[in-house]
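Top line first, the protein sequences correspond to chains A and B. Going by the numbering used here, the first residue of the first sequence is number 2, and it counts up by one from there. Going by the numbering used here, the first residue of the second sequence is number -4, and it counts up by one from there. Please read the structure below before turning to the comments.
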Amino acid sequence: MATESVKYVSPETKSKTLLDIFRRPDQHATGIVDWLTTIDHKKIGLLYGLVALCSLIFGGIQALLIRSQLWGPNMEILSQREYNQMFTMHGTIMVFLVIMPLSAAFFNFIMPLQIGARDVAFPRMNALSLWCFVAGAIILNMSWFFTGGAPAIGWFAYSPLTDTGFEEVTRDMGPDFWVFGIQVLGLASLLASFNFIATIINMRAPGMTLMRMPVFCWMTLVVSFLIILAFPAITIALVELMFDRNYGTNFYDFLEGGKPHLWQHLFWIFGHPEVYILILPAMGIVSEVIPTFSRKPLFGYGLVIFSGAIIGFMGFAVWSHHMFTTGMGIVATSAFSMLTMLIAIPTGVKIFNWIGTMWGGKIRFDTPMLFALGFITMFMVGGFTGIMHSSVPVDMQQQDTYFVVAHFHYVLIGGALFGLFCGFYFWLPKMTGKMLNEKMGKVVFTLMFIGFNTTFFPMHYLGMIGQPRRTHSYNAGHGFEQWNQIATIGAFILGTGILIGVIQFMRSFRDKSLKPAGKNPWDARSLEWTLSSPVKEYNFARTPIIKARDQAWENNYGPRDLHSEKEPLDHHGVHMPDHSWYPLFTAIGFLVLVIGMLFHSSVGAEGEIIRNYTVAIIGGIIAITGMIMWSLEGPGGYHLFPEEDDE
Amino acid sequence: MSEVVAAHADEHHEPYTSTGIPTKKVLMWAFLGSDCMFFGTLISTHLIYRKISATVNGKYLDIEKIFDIELTSFSTFILLASSLFMALAVSAIHKGNLTSTRWMLFGTIIFGAIFLACQVYEFTHFAYAPGHELTLSTYQGEAHVFGSTFYVLTGTHGTHVAIGVFWLLGWLAYSFTGKMSTADAMDIECCGLYWHFVDIVWIIIFPVVYLMEYAF
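The following block contains the structure:
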């Protein structure tokens, strides 16, 4: 972030060294040290985005392998076990390492700017979330290299697939990596969400009342609450599974009186809110983009927010619709069926509000708007098939067929990923200071839109005629061949589109030939567009005083009494906290702890289990030392004295 | 004689927050809300399993004879009493009374430690005693899911108490550095919120896991 114009004041006279050897990095840190120790929400957001986009490519390659295997009847590109590993890792990576962190990237980068804050409430904790996320990603992907390879249990990990008594490979470590990987990723999400909640509740600029907040911030808040209330269920389920696999408890072991059914409930009590955790950020992004490119305020602002909150609330009451075929009994099944139908209402309200926003607007079809429109249409298709599933008799027919695969890919690619790409095309100029190439953007959209529909629309039909999902191969003569080939061709088109898009995003940081963006290239509406692109490290030179919703728009076009004001320059300057190594240090401690737990037991000469916790304890000590040092070092910092309007 | 901390002449006034509530407190409340779901999941798992386990393979597990309800009642009382010390510690640091804060923190730690000791005793006598009916997984080839949920639930609670004790020990150590002042009151209050929450969870666990076995 360019700060040449800013006068620095040398760091406060606090001791910044430990034993005269270890110097705390501050504003002078550069290069890799800067990125590893940063606590700036913007850089953390970019790092989230970087790791997630790399994971997107990785998970995409796995998807293409799956599609290649299904090109024709009885293909042998992947063995059966490899196929199971592919769809397990594809699902897990796309959910936990792509969509969630991409949302987190936007939460981190955009949300503090939109509410007029200089950073999130707890910047070092924010860095810890990032590094825990990276540690979780490492743990999950390490599984390929150890006994049994990657987990072959599905992203849902239903018992008894995870039961040690039913393993294909003796001492299969895949599920252990999965358990600990998700556990650490969950920790990262929880920490980040506590931070976002505290930030949105407490760090809004003066005048930024809740009902003046951009919808994207509202969705951040709702999603953060969903995460802190839904992740505990999976955390406990994973703890129980860990005890089952390592310490001989019987939570899910049906031979010993446990109930595999319980895993399904606990998983989906987390898993269904998770669906809304994935989609609501995209809805928030689209709610920012559509008003901008229609040049109209969002139609029914309050209702859009209320619908989002209702979706989040009801998301906790519909989990068992994933389990209609497990025999829960008529009452439970009917109740969950009805609630699932009800949750379609607030979703429909939002769609009508977006259409209402466009109605009569002066619509510009720039790339972000194209992705937003793609989002609405594709998400609607996914939504309709979702309502079909809410009917129990229909669901019983469609359970475990490609119809379901079509449904949730329409929601997660056509919905979430289109929404997130929309966010990239919309906000990357703010992040890099340069406009993306419009023509290239339209090529990416066209490839993705055509490829996506070619891949997943035939799956509706394949499901209807009975092709089962999660199945390695199919026989000739069922009528599956043609549509599978079309789907595979589509998948490669979609993959090409995504790859070009990702390369375009990454290159835009370095490409000097791109047009400079200026403060507000889209004539957009919310507060981040009053700042320069790229944003200065202190965000706001003077704290803004908010007078209206859509503040950037009102500043340009609104009556004078709705123009935002600014607090006077603080004669102390802008306090900036120092960098810190301890978030990274603590996350490494967690990583070592988990590796120690993964490899703690071995089988002795007489078949007895030998437990050795040395590595785990070392990891724990590293983590605790990190936390203690962290709390003792304090925020540190220095003061900046920016010019009045240098922001 | 009480050692009164001089009010810190702090040039930085209280940071502005939108709600007027300190941000750390908001964070703590969000965490406690999340923690409710942790224990909610564990307690419901236990409620689902407690009757299944008792009759698996036709063998009835007589929980009433296994539990040492006198010991658990005692440790429950101790844990609840520790909340009083915690509240007094928070009150003392708000008033800037360092000596009193230190003693009250010490009392909370001791009572927390007594509770933990009772739990360790319980675990060692139930889980690891050879041939005991409530071992972690199986007893004489008979499975008891009751043991699974019982140990993981009370163990998670015990871990929470242990984290609280270490947190308080940190504050106790800090009080001897001479840096502690009323500026730390908010941090200790957050610690107190956590401690009271862990107590409240035990108020639910004690009847649901222990007393209910005698009633139903």
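Just so you know, even glycine gets a beta-carbon here, dropped at the ideal spot from N, CA and C. This one's a predicted model, so the numbers in the text were calculated from it and none came from an experiment.
Judging by CA-CA distance, which residue of the options is the nearest neighbour of residue i?
i: Val405 (chain A); options: A:Tyr475, A:Gly420, A:Ala617, A:Leu463; result: A:Leu463
i: Phe372 (chain A); options: A:Phe422, A:Phe409, A:Asp396; result: A:Phe422
i: Ser144 (chain A); options: A:Phe510, A:Asp120, A:Gln86, A:Leu79; result: A:Gln86
i: Pro584 (chain A); options: A:Leu129, A:Phe107, A:Ala106; result: A:Leu129
i: Ile116 (chain A); options: A:Pro522, A:Ile547, A:Leu563, A:Trp631; result: A:Ile547
i: Pro522 (chain A); options: A:Met212, A:Tyr426, A:Glu241, A:Lys297; result: A:Tyr426
i: Ser56 (chain A); options: A:Gly175, A:Gln552, A:Thr93, A:His576; result: A:Thr93
i: Trp269 (chain A); options: B:Gln114, B:Thr36, B:Glu59, B:Leu83; result: B:Thr36
i: Leu71 (chain A); options: A:Thr615, A:Gly415, A:Ser603, A:Ile487; result: A:Ile487
i: Thr12 (chain B); options: A:Pro207, A:Ala407, A:Thr221; result: A:Pro207
i: Ser392 (chain A); options: A:Ala336, A:Ile623, A:Phe146, A:Met284; result: A:Ala336
i: Asp41 (chain A); options: A:Leu54, A:Asp27, A:Ala53; result: A:Asp27
i: Ile504 (chain A); options: A:Thr472, A:Val444, A:Ala193, A:Asn476; result: A:Val444
Can you tell me whether residue i is buried or exposed, with buried defined as 16 or more other CB within 10 angstroms of its CB?
i: Glu538 (chain A); result: buried
i: Gly303 (chain A); result: exposed
i: Thr210 (chain A); result: exposed
i: Thr50 (chain B); result: The predicted model places Thr50 (chain B) with a pLDDT of 49, which falls under 50 and marks its position as unreliable; any figure quoted below should be read in that light. Flag for Thr50 (chain B) reads exposed.
i: Pro394 (chain A); result: exposed
i: Gln398 (chain A); result: exposed
i: Thr341 (chain A); result: buried
i: Gly149 (chain A); result: buried
i: Leu279 (chain A); result: buried
i: Glu77 (chain A); result: exposed
i: Glu566 (chain A); result: exposed
i: Val240 (chain A); result: buried
i: Val1 (chain A); result: What the structure shows of chain A is the stretch from 2 to 648, and residue 1 (chain A) is not part of that stretch, so it cannot be assessed.
i: Arg561 (chain A); result: exposed
i: Phe146 (chain A); result: exposed
Identify the residues that DSSP records as bridge partners of residue i: which are they?
i: Pro545 (chain A); result: A:Lys567
i: Pro469 (chain A); result: A:Thr402
i: Phe300 (chain A); result: Phe300 (chain A) pairs with nothing; no bridge assigned.
i: His576 (chain A); result: A:His640
i: Lys435 (chain A); result: A:Pro517
Using three-state DSSP, classify residue i as helix, strand or coil.
i: Lys516 (chain A); result: coil
i: Tyr614 (chain A); result: coil
i: Ser603 (chain A); result: strand
i: Arg526 (chain A); result: coil
i: Arg213 (chain A); result: helix
i: His191 (chain B); result: helix
i: Arg550 (chain A); result: coil
i: Arg246 (chain A); result: helix
i: Val444 (chain A); result: helix
i: Met58 (chain A); result: Inspection of the sequence shows that residue 58 (chain A) is occupied by Ile rather than by Met. DSSP places Ile58 (chain A) in helix when its eight states are reduced to three.
i: Gly166 (chain A); result: helix
i: Ser509 (chain A); result: coil
i: Tyr116 (chain B); result: helix
i: Gly208 (chain A); result: coil
i: Trp582 (chain A); result: coil
i: Leu71 (chain A); result: coil
i: Tyr214 (chain B); result: Since the first residue of chain B shown is -4 and the last is 211, residue 214 (chain B) is not available in this structure.
i: Leu532 (chain A); result: coil
i: Met329 (chain A); result: coil
i: Ala477 (chain A); result: coil
i: Pro17 (chain B); result: coil
i: Trp360 (chain A); result: coil
Flag residue i as yes if its beta-carbon sits less than 8 Å from any beta-carbon of chain C, otherwise no.
i: Thr236 (chain A); result: The question asks about chain C, but that chain is absent: this structure's protein chains are A and B.
At a cut-off of 7 Å, would you count residue i as near the ligand SAM, judging by its Cβ distance to the nearest heavy atom?
i: Leu188 (chain A); result: By its list of ligands, the structure shown contains no ligand whatsoever, and the ligand SAM lies outside what it can speak to.
- Query: What residues in the stretch 164 to 180 of chain A bring their beta carbon closer than 7 Å to a beta carbon of chain B?
  - Reply: none
- Of all the residues that make up the stretch 31 to 46 of chain B, which are near chain A by a beta-carbon distance shorter than 7 Å? Met32, Phe33, Thr36, Leu37, Thr40, Ile43
- Task: May I ask you to list, following chain order, the residues of the stretch 570 to 583 of chain A that have a beta carbon less than 7 Å from some beta carbon of chain B?
- Result: none
- Could you please tell me which residues of the stretch 17 to 28 of chain B, in chain order, have their CB closer than 7 Å to any CB of chain A? Thr18, Val21, Leu22, Ala25, Phe26, Gly28
- Message: If the cut-off is 7 Å on Cβ atoms, which residues from the stretch 70 to 90 of chain B count as contacting chain A, listed in chain order?
- Response: none
- Return the residues of the stretch 249 to 271 of chain A that lie within a Cβ-Cβ distance of less than 7 Å from chain B, sorted by chain order. Gly249, Thr250, Asn251, Phe252, Glu257, Gly258, Gly259, Leu263, Leu267
- Task: Give the residues from the stretch 609 to 636 of chain A that approach chain B closer than 7 Å (Cβ to any Cβ), ordered along the chain.
- Result: none
- Message: What are the residues in the stretch 111 to 128 of chain A lying within 8 Å of chain B by C-beta distance?
- Response: Ala122, Phe123
- Can you list, in chain order, the residues of the stretch 223 to 234 of chain A whose Cβ is nearer than 7 Å to any Cβ on chain B? Ile229, Leu230, Pro233, Ala234
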